[in-house]
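The numbering of the sequence shown is the numbering used here, which starts it at 1101 and goes up by one.
Even glycine gets a Cβ: it sits at the ideal position worked out from N, Cα and C.
These figures come from a predicted structure and were not determined experimentally.
Some notes on the structure that comes next.
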Amino acid sequence: MKCSMCNRPAITFIRRVKKYFCEEHFSQFVLKQVRRYLEKHGIRRKKILIAVSGGKDSMVMLHTLKMLSEDFKLDITPFYINLGITGYSDPCESVVREVSEELELTPIIISLREYAGYTIDDAARIETKKPCSTCGTVKRYITNRIAYERGYDYVATGHTMIDEFAFALHNLYSGSIDTFLRSYEITDTRRDLKLVGRIKPLYYLLESETLTYAIVNKIKYCNLECPYAQGHPTQVHKEIGLMGEYRLQGYVQRILSSLNKLKEVIPEKPDNNNIRFCKICGYPTVTDICKYCRLKAKFSRE
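Dropping the structure here:
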């Protein structure tokens, strides 16, 4: 087949836009989706901390933001937390360092062991369940704190359209309505609350598209799966989204759009009225002592 934009051989077909793309025009399509996101939310002349894991989505996010950084006057910095997961964290860190160097960027690398005194492997040995909740807590806390203390306007995460779909479905399934309502395309920075806003530049892209972009542009990424992630419920919701996308053109995008409209008509939304500051670290929490500090105290006793 030929590219819908030119006569060169096509490498992929994007069903939701009903077009074939060659390598060049596919890369332009991906950049157009990221550009669309940045323009919609007015992300210009901002200092952005790019939270990367080393995986394909975060490496594609890093690459696309670098490609668009001059147009949007963005000051970007890759940020990686080495969680101390055996056979996973170190290889991913190596990828982050290598890709950052290729893009002429200087990454910020944080070791969880040095920062907090323990690793996710330590947490897994101590806790009776998988350490996914602990992992999420420490990543959110450390990323927000680094971004706040170093004056970043936003934290960028590599969540794709299918990630957002799975997250929304999982929260509805588990009854976490407040969490569902707090999930937006972008969250604002509240320096009075020591909260740095989050952006999701890949929000309009599917994982299959980020993978193709990585291959076409020869972007190195860590192809390892976190050993603790297997069997997580969100994987089921991802599979539902992928199946729906295969059977019904634009399924994921339409469901997400409808869910976002639903949020707009719900009269009472969660707010920041219950936020206070942790008695230990001084960062925002809804309890006297934040979960991060409670975890740190727990693991330091073991």
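query                                                                                                          : result
For Arg1136 and Glu1285, the rounded distance between their alpha carbons                                      : 12 Å
Exposed unless 16 or more other CB atoms sit within 10 angstroms - verdict on Glu1264                          : buried
Range covered by the beta strand (DSSP E) that runs through Pro1178                                            : Asp1175 to Asn1182
Separation of Glu1123 from Asp1222, as counted between CA atoms                                                : 44 Å
CB-CB length for Cys1192 against Gly1154, believed under 8 Å                                                   : 3 Å
Distance, Ala1151 Cα to Ser1158 Cα                                                                             : 7 Å
Secondary structure, alpha helix (DSSP H): runs of 4+ residues fully inside the segment 1146-1211              : 1156-1172 and 1189-1202
Beta-carbon proximity list for Cys1381, same chain, < 6 Å, skipping 5 on both sides                            : Cys1393
Beta-carbon proximity list for Asp1253, same chain, < 8 Å, skipping 5 on both sides                            : Lys1146, Lys1147, Ile1148, Thr1289, Val1296 and Gly1297
Outcome for Pro1301 when other beta-carbon atoms lying within 10 angstroms are tallied against a minimum of 16 : buried
Opposing strand residues paired with Val1255 [DSSP bridges]                                                    : Leu1149 and Arg1298
Extent of the continuous alpha helix (DSSP H) run through Thr1234                                              : Cys1232 to Glu1249
Distance CB(Phe1084)-CB(Thr1310) smaller than 8 Å                                                              : The structure shown does not extend to residue 1084, since the chain is modelled only from 1101 to 1402, so the question has no answer here.
DSSP state of Thr1385 mapped onto helix, strand, coil                                                          : strand
Pairwise C-alpha distance: Lys1363 and Arg1282                                                                 : 9 Å
Per-residue burial, Ile1375 [other beta carbons within 10 Å of its own, 16 or more giving buried]              : exposed
Pairwise C-alpha distance: Thr1257 and Ser1189                                                                 : 18 Å
Close Cβ partners of Asp1388 (< 6 Å) along its chain, the five nearest in sequence each way excluded           : Lys1379
Segments assigned beta strand (DSSP E), at least 3 residues, entirely inside the segment 1262-1315             : 1297-1299
Euclidean distance between Cα positions of Leu1162 and Thr1287                                                 : 19 Å
Beta-bridge pairing of Arg1376 - partner residues as DSSP gives them                                           : Thr1385
8 Å Cβ cutoff met for Thr1260 and Leu1324                                                                      : no
Any non-hydrogen atom of the ligand ZN closer than 7 Å to Pro1191 Cβ                                           : With respect to the ligand ZN, the structure offers nothing, as it holds no ligand at all.
Which listed residue (Leu1203, Asn1182, Glu1204 and Val1134) has its alpha carbon closest to that of Phe1172   : Val1134
Tyr1048, DSSP secondary structure in three states                                                              : Because the chain is modelled from 1101 through 1402, residue 1048 falls outside the range shown and cannot be assessed.
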